[in-house]
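Read left to right, the sequence shown gives residues 3 to 293 (my numbering).
Glycine is no exception: its CB is placed at the ideal position from the N, C-alpha and C atoms.
Following: one structure in structure tokens, then a few remarks.
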Amino acid sequence: MADQQQFLWGYGLSMEDLDSPHLISKEIDVMVRSGANACYVPMSWKRILPEGIGRMDERVAASYEKLFELLRQHALIPVIGLLVDEMPEPLIDRGGWLFGESIYWYSNFIRSVMDHFVDMPVHWTIQWVDETPYPLAFQEEMTELMTKYKGYFPRNQIGCMYSMKHTLSFQWLEAFDYYVIPWVSPEEICQHPRENIMILDGPFLSDDKIHIDGRIHDVMRMDYIRQHVEGLMSCKASGVPIKGYFYHPFVDQMHCESEASRHQGVAYHKASDKSVRLKDSARWLRKREKA
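Structure (structure tokens):
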């Protein structure tokens with residue numbers, strides 16, 4: 003995957019990973035060895051601002067600060083997703099996204115974290131709110147906010163995450179440095195109205211088993227990723243300005259109740275020595291990145 007200066011690629015951490023700093027350190031070491039140059043990090047609104055507005059949880063904020071510093075030490079660019087589906091319970095009790103003030107609650111969340119982490123060189127990614135009955139007001143508020151903050155934080159880039167099914171105003175699209183979308187067909191990617199597209203891919207569930215050789219041959223996931231990455235690279239080769247690709251989550255989600263839901267990642271935790279090992283899908287990505 004050519005030109006590391008222009009193209010970001012890597013994997014996504016899960017919010018459950020944030021509760022295990024020792025495990026995160028191992029995951030990041032393996033990410034770096036896999037050739038990644040960036041890391042997608044979801045930021046939970048309800049964890050960092052448990053009341054929705056007001057005082058930030060200092061313990062959670064400190065854990066993110068340590069994570070950002072760890073990523074910096076490993077030369078991984080943090081791409082932070084400010085998640086709208088993590089609204090705190092007190093705000094849900096007041097009406098959630100159906101309440102007119104909700105737009106400004108989310109705006110306050112963005113202001114709070116961007117002001118707090120002002121010295122951290124990261125990519126901030128706000129998310130479109132599917133649930134809002136006030137789409138025009140939401141676009142206006144976010145456009146004004148992002149235009150203002152882009153001037154304040156020249157070290158950072160600010161992007162938006164949304165589905166291409168949404169019809170967004172020119173002013174909205176113009177306010178951002180990049181655009182994160184889920185995987186769609188190469189034809190749809192080529193029709194994207196703006197430059198600097200990032201793909202947030204996954205998860206892909208499969209019945210992964212450790213084979214006799216000690217590896218996980220996740221052939222179906224590898225084929226899924228291969229088709230998507232090669233489609234993306236064909237778009238890039240035809241002149242579409244692709245900025246990055248992330249597969250999320252990086253490791254299996256062992257907290258999930260059902261066995262079928264646990265095997266989502268391209269890496270797994272080996273229980274015997276508590277190490278993080280790459281599956282064949284991640285090995286393929288490493289080879290593709292070097293090509």
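Burial state of residue i, where buried means 16 or more other Cβ atoms lie within 10 Å
| i | result |
| --- | --- |
| P243 | exposed |
| D117 | exposed |
| R294 | Any property of residue 294 remains undetermined from this structure, which presents the chain solely from 3 to 293. |
| A177 | buried |
| E291 | buried |
| C236 | Checking the sequence shown, residue 236 turns out to be Ser, not Cys. Flag for S236 reads exposed. |
| Q159 | buried |
| S104 | buried |
| G267 | buried |
| V253 | buried |
| A77 | exposed |
| S36 | buried |
| L20 | buried |
| I201 | buried |
| I128 | buried |
From the options, residue whose alpha carbon lies closest to that of residue i
| i | options | result |
| --- | --- | --- |
| P12 | Y247, T145, W126 | The sequence shown places Gly at residue 12, not Pro. The residue with the shortest Cα to Cα distance from G12 is Y247. |
| Q173 | I183, F140, S187, L202 | F140 |
| L100 | E176, R264, G56, Y136 | Y136 |
| R288 | W47, A269, K276 | A269 |
| R285 | S22, H219, H213 | H219 |
| M89 | G161, M45, A40, F252 | M45 |
| Y249 | A239, R264, M224 | M224 |
| D132 | S27, V231, I191, L85 | L85 |
| K325 | S283, Y181, K276 | In the structure as shown, the chain starts at 3 and stops at 293, and residue 325 therefore has no counterpart that could be examined. |
| Y66 | F111, M122, N110 | M122 |
| L332 | R61, L93, V43 | Examination of residue 332 is not possible in this model, given that the chain is present from 3 through 293 alone. |
| I112 | G98, T145, D209, E91 | T145 |
| Y151 | V221, L138, D179 | D179 |
| T2 | N39, G102, A40, L175 | Any question about residue 2 goes unanswered here, given that the chain covers just 3 to 293. |
| Q229 | V186, P251, P92 | V186 |
Extent of the continuous beta strand (DSSP E) to which residue i belongs
| i | result |
| --- | --- |
| S277 | 277-280 |
| K272 | 269-272 |
| M17 | Taken as a continuous stretch (DSSP letters only), M17 belongs to no beta strand (DSSP E), as it is neither H nor E. |
| I191 | Not the beta strand (DSSP E): I191 falls in the alpha helix (DSSP H), residues 188-192. |
| I313 | In this structure the chain extends from 3 to 293, so residue 313 is not present and cannot be described. |
| I79 | 79-84 |
| I218 | No beta strand (DSSP E) contains I218, which DSSP labels as neither H nor E. |
| F248 | 244-249 |
| V182 | 180-184 |
Delimiting residues of the alpha helix (DSSP H) encompassing residue i
| i | result |
| --- | --- |
| K68 | 60-75 |
| H265 | That residue, H265, is in no alpha helix (DSSP H); it is neither H nor E in DSSP. |
| M33 | 23-35 |
| Y106 | 104-118 |
| M122 | Segment: none, M122 is in no alpha helix (DSSP H) and carries neither H nor E. |
| I227 | 221-239 |
| L93 | 91-95 |
| I55 | Per DSSP, I55 belongs to no alpha helix (DSSP H) and is neither H nor E. |
| K211 | First-last for K211: undefined, no H or E at that position. |
| R157 | Where R157 is concerned, there is no enclosing alpha helix (DSSP H), given that its DSSP letter is neither H nor E. |
| W47 | 47-50 |
Neighbourhood of residue i by C-beta distance below 7 Å, restricted to the same chain and skipping five residues each side
| i | result |
| --- | --- |
| R96 | none |
| I212 | I218 |
| S114 | L51, M58 |
| R279 | A269, Y270, K272 |
| I55 | W107, N110 |
| E197 | P243 |
Neighbourhood of residue i by C-beta, 6 Å cutoff - its chain only, sequence neighbours within 5 removed
| i | result |
| --- | --- |
| I227 | S283 |
Close beta carbons around residue i, own chain, < 8 Å, minus the five adjacent residues each side
| i | result |
| --- | --- |
| M3 | Model confidence at M3 stands at a pLDDT of 47, short of 50, so the residue's coordinates are unreliable; what they give is reported in the following sentence. Excluding sequence neighbours, M3 sits near F9, W11, V231, M235, Y247, R290, E291, A293. |
| C192 | C237, S240, V242 |
| I26 | L15, D19, L20, L69, L72 |
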